[in-house]
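Colleague: Please find one structure pasted underneath; my questions will follow.
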Amino acid sequence: MRRALRLARRGDTSPNPQVGAVLVRDGEVVGEGYHTRAGAPHAEVEALKSAGAAARGATLYVTLEPCNHHGRTPPCTEAVIAAGVSRVVVGALDLHPHVPGSAERLRAAGIVVERGVCGEEAAALVRPFFKHLTTGLPYVCIKAAVTLDGRMATRTFDSKWITSDASRKEAHRLRAESDAVLVGVSTVLADDPRLNVRAVEGRDPLRVVVDTSLRTPVDAAVLQGEPGATLVLHAADASPARVEALRAAGAVVHDVPRGPSGLDLGAVLRVLGERNVVRLLVEGGGRVHGSLLDAGLADHASVFVAPIIVGDAAAPAFASGRGSDTMAGSYRIANARVRRRGPDVWMDGPLVKDRSEDK
Numbered sequence: 028m029r030r031a032l033r034l035a036r037r038g039d040t041s042p043n044p045q046v047g048a049v050l051v052r053d054g055e056v057v058g059e060g061y062h063t064r065a066g067a068p069h070a071e072v073e074a075l076k077s078a079g080a081a082a083r084g085a086t087l088y089v090t091l092e093p094c095n096h097h098g099r100t101p102p103c104t105e106a107v108i109a110a111g112v113s114r115v116v117v118g119a120l121d122l123h124p125h126v127p128g129s130a131e132r133l134r135a136a137g138i139v140v141e142r143g144v145c146g147e148e149a150a151a152l153v154r155p156f157f158k159h160l161t162t163g164l165p166y167v168c169i170k171a172a173v174t175l176d177g178r179m180a181t182r183t184f185d186s187k188w189i190t191s192d193a194s195r196k197e198a199h200r201l202r203a204e205s206d207a208v209l210v211g212v213s214t215v216l217a218d219d220p221r222l223n224v225r226a227v228e229g230r231d232p233l234r235v236v237v238d239t240s241l242r243t244p245v246d247a248a249v250l251q252g253e254p255g256a257t258l259v260l261h262a263a264d265a266s267p268a269r270v271e272a273l274r275a276a277g278a279v280v281h282d283v284p285r286g287p288s289g290l291d292l293g294a295v296l297r298v299l300g301e302r303n304v305v306r307l308l309v310e311g312g313g314r315v316h317g318s319l320l321d322a323g324l325a326d327h328a329s330v331f332v333a334p335i336i337v338g339d340a341a342a343p344a345f346a347s348g349r350g351s352d353t354m355a356g357s358y359r360i361a362n363a364r365v366r367r368r369g370p371d372v373w374m375d376g377p378l379v380k381d382r383s384e385d386k
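The sequence shown runs 28 to 386 under my numbering.
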């Protein structure tokens, strides 16, 4: 199953989920495959094609429950049955409304079905897809590079560089895996980021700027590149002249209702969800991060912590929202993956408030 999970991560499948499959017979891998892109054959079909006649009597390890409905491609359950597979081992259950019945269909054909192998890791892989499917909203990951005292820059906004080359390469990989990357206009004005993918291979995500009053300069780095590659979200009462200037600079400009402070971030996410943004990477400043956390709109955090201490209360913090009065009411990263990247520590995982495991 771990091999299937590694294969799954190779796919650039949005808005579909990433899925990998491995066929094993007599203790040897006889076929494998993964879903490469939306509309392409599913992982199970690729693995069966790879195995050929050796699929008969084999065990299929697949990261996501096989589909049982006609979409762009025929049901994978029928392909598995036709190939003569004797056993199917599933990582994550499929929450798609058309999938229930897939295990029953396989069992009715005499195939042994087991579920939940590497279940947490498999579920994490498809969690963004199912959030978008069930809510219409993107899966929101807050990404940041911080010092030991939680600062994202000095009081003069110097942030180059907090983390190592190894951490920054990993951050570019996160961008390449995302459908869009979002910042606030303050980050554009302070850092002039390009928000593209440079240190690894991969496609550039849609670049999104939350800019209530349209302060983004027309020559900002985030506007460079192909027309339409950047979406600027603003309040309806922003200057019409600024709207036209940014459109002339190649941006897509879209108005969003105001919230209690700045734009309504729930409305921002709805706009992105309608544009088929499944995975949203937020590289904002403390205000954007804090607002998302306060509104309960952040799903995940990916934080690189460097062995540096700024020691200045006026330096920009990772999150500058209302926050919580208690530790029990604070967010934590659940099932955090903690790894080293050069001298830095990288913590990554879904955000939760339930601290029952600590009681």
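Ideal placement from N, C-alpha and C gives every residue a C-beta, glycine not left out.
Model, not experiment: these values are computed from the prediction.
In this structure, how does DSSP classify serine 288 when only helix, strand and coil are distinguished?
Modeller: Three-state result, serine 288: coil.
Colleague: To the nearest angstrom, how far is it from the Cα of glycine 111 to the Cα of arginine 30?
Modeller: Taking the straight line from one Cα to the other gives about 22 Å.
Colleague: If the criterion is Cβ atoms closer than 8 Å, does the pair alanine 342 and arginine 178 meet it?
Modeller: Cβ distance < 8 Å, so alanine 342 and arginine 178 count as in contact.
Colleague: Residues in the same chain with beta-carbon distance under 6 Å from serine 357, minus the five sequence neighbours each way, listed in chain order, please.
Modeller: Cβ within range, chain order: Ser351.
Colleague: For the candidate residues Ser288, Pro287, Ala268, Gly286, whose alpha-carbon lies nearest to that of valine 280?
Modeller: Ranking the options by Cα distance to valine 280, first place goes to Ala268.
Colleague: Where arginine 218 and valine 235 are concerned, what is the direct C-alpha to C-alpha distance, given to the nearest angstrom?
Modeller: The question names arginine, but residue 218 is aspartate in the sequence shown. Taking the straight line joining both Cα atoms gives about 15 Å.
Colleague: Quick check: the Cα distance between arginine 193 and arginine 368, rounded to an integer number of angstroms?
Modeller: In the sequence under discussion, the amino acid at residue 193 is alanine, which differs from the arginine named in the question. The alpha-carbon atoms of alanine 193 and arginine 368 are separated by roughly 5 Å.
Colleague: Check each candidate in Val298, Lys380, Ile108, Met374 and name the one with the smallest Cα separation from glutamate 197.
Modeller: The residue with the shortest Cα to Cα distance from glutamate 197 is Met374.
Colleague: I'd like to know if alanine 328 contacts chain D, where contact means its C-beta is closer than 8 Å to some C-beta of that chain.
Modeller: In summary, chain D is missing from the structure at hand, where a single protein chain is found.
Colleague: Where does lysine 170 fall in DSSP's three states?
Modeller: Here lysine 170 sits in strand by DSSP.
Colleague: Look at the alpha carbon of leucine 32 and the alpha carbon of arginine 182, and state the distance between them as a whole number of angstroms.
Modeller: If you take the alpha carbons of leucine 32 and arginine 182, they lie about 42 Å apart.
Colleague: Got a sec, what are the start and stop residues for the alpha helix (DSSP H) serine 368 sits in?
Modeller: A small fix is needed here, since residue 368 is arginine in this sequence, not serine. Run containing arginine 368: none in the alpha helix (DSSP H); it sits in the beta strand (DSSP E), 364-368.
Colleague: Any heavy atom of the ligand SAH closer than 7 Å to the beta-carbon of cysteine 103?
Modeller: Of the ligands one can find in the structure shown there are none, so the ligand SAH has no counterpart to examine.
Colleague: Are leucine 91 and alanine 151 closer than 8 Å when you measure CB to CB?
Modeller: No, these two residues do not count as a Cβ contact at 8 Å.
Colleague: Looking only at C-alpha atoms, which of Gly300, Val305, Arg314 sits nearest to aspartate 238?
Modeller: Nearest option by C-alpha distance: Arg314.
Colleague: Does the separation of the CB atoms of arginine 132 and asparagine 95 fall below 8 Å?
Modeller: The answer is yes: Cβ separation under 8 Å.
Colleague: Compare the beta carbon distance of isoleucine 108 and alanine 70 with 8 Å and say whether it is the shorter of the two.
Modeller: No, these two residues do not count as a Cβ contact at 8 Å.
Colleague: Could you pull out every residue in the same chain whose Cβ sits closer than 6 Å to the Cβ of glycine 289, ignoring the five residues on either side in sequence?
Modeller: Around glycine 289: Thr239.
Colleague: Can you tell me whether asparagine 362 is buried or exposed, with buried defined as 16 or more other CB within 10 angstroms of its CB?
Modeller: Classification of asparagine 362: exposed, given that the 10 Å Cβ count is below 16.
Colleague: Tell me where the beta strand (DSSP E) around proline 377 begins and ends.
Modeller: Note, proline 377: beta strand (DSSP E), 371-379.
Colleague: Quick check on phenylalanine 331: does DSSP put it in helix, strand or coil?
Modeller: Three-state result, phenylalanine 331: strand.
Colleague: Can you tell which of Asp176, Trp188, His261, Thr174 has its C-alpha closest to the C-alpha of valine 283?
Modeller: Closest option to valine 283, Cα to Cα, is His261.
Colleague: Among the candidates Val56, Asp39, Glu105, whose CA atom is the shortest distance from the CA of alanine 81?
Modeller: Of the candidates Val56, Asp39, Glu105, the one whose C-alpha sits nearest the C-alpha of alanine 81 is Val56.
Colleague: Identify which residue in Ile138, Pro93, Ser205 has its Cα closest to the Cα of serine 118.
Modeller: For clarity, residue 118 is glycine in the given sequence; the question names serine instead. Of Ile138, Pro93, Ser205, the residue nearest in Cα terms is Pro93.
Colleague: In three-state DSSP terms, what is arginine 134?
Modeller: Helix at arginine 134.
Colleague: Which whole-angstrom value describes the C-beta separation of leucine 307 and aspartate 206, a residue pair presumed to lie in contact below a C-beta threshold of 8 Å?
Modeller: Confirmed, Cβ separation roughly 7 Å.
Colleague: Are the CB atoms of leucine 122 and threonine 161 within a distance shorter than 8 Å?
Modeller: A contact, by the Cβ cut-off of 8 Å.
Colleague: Do you know how far the Cα of lysine 380 is from the Cα of lysine 386?
Modeller: Residue placement at lysine 386 is poorly supported in this model, since its pLDDT is 41, which falls under 50; the coordinates are not used for a value here.
Colleague: Using C-beta distances below 6 Å, list every residue in its chain close to arginine 114, excluding the 5 sequence neighbours before and after it, in chain order.
Modeller: Within the same chain, arginine 114 has close Cβ partners Thr86, Val139.
Colleague: Cα separation between alanine 278 and valine 212?
Modeller: If you take the alpha carbons of alanine 278 and valine 212, they lie about 14 Å apart.
Colleague: With a CB to CB cut of under 6 Å and the five nearest residues on each side skipped, what residues in its chain are close to proline 287?
Modeller: Closer than 6 Å at the Cβ level, and outside the excluded window around proline 287, lies no residue.
Colleague: Determine the direct distance from the alpha carbon of alanine 328 to that of arginine 36, and round the result to whole angstroms.
Modeller: Cα to Cα, arginine 36 sits roughly 19 Å from alanine 328.
Colleague: Please classify isoleucine 360: does DSSP put it in a helix, a strand, or coil?
Modeller: The answer is strand: DSSP assigns isoleucine 360 an E or B state.
Colleague: So valine 49 packs on glutamate 59, CB below 8 Å; how close in whole Å?
Modeller: Indeed, because the Cβ distance is near 5 Å, the residues count as touching under 8 Å.
Colleague: Indicate the three-state DSSP secondary structure (helix, strand or coil) for lysine 386 in the structure shown.
Modeller: At lysine 386, the pLDDT of 41 sits below 50, so the modelled position is not reliable and the matter cannot be decided from this model.
Colleague: Using the C-alpha atoms, what's the distance from alanine 276 back to serine 347?
Modeller: Rounded to the nearest angstrom, the two C-alpha atoms are 31 Å apart.
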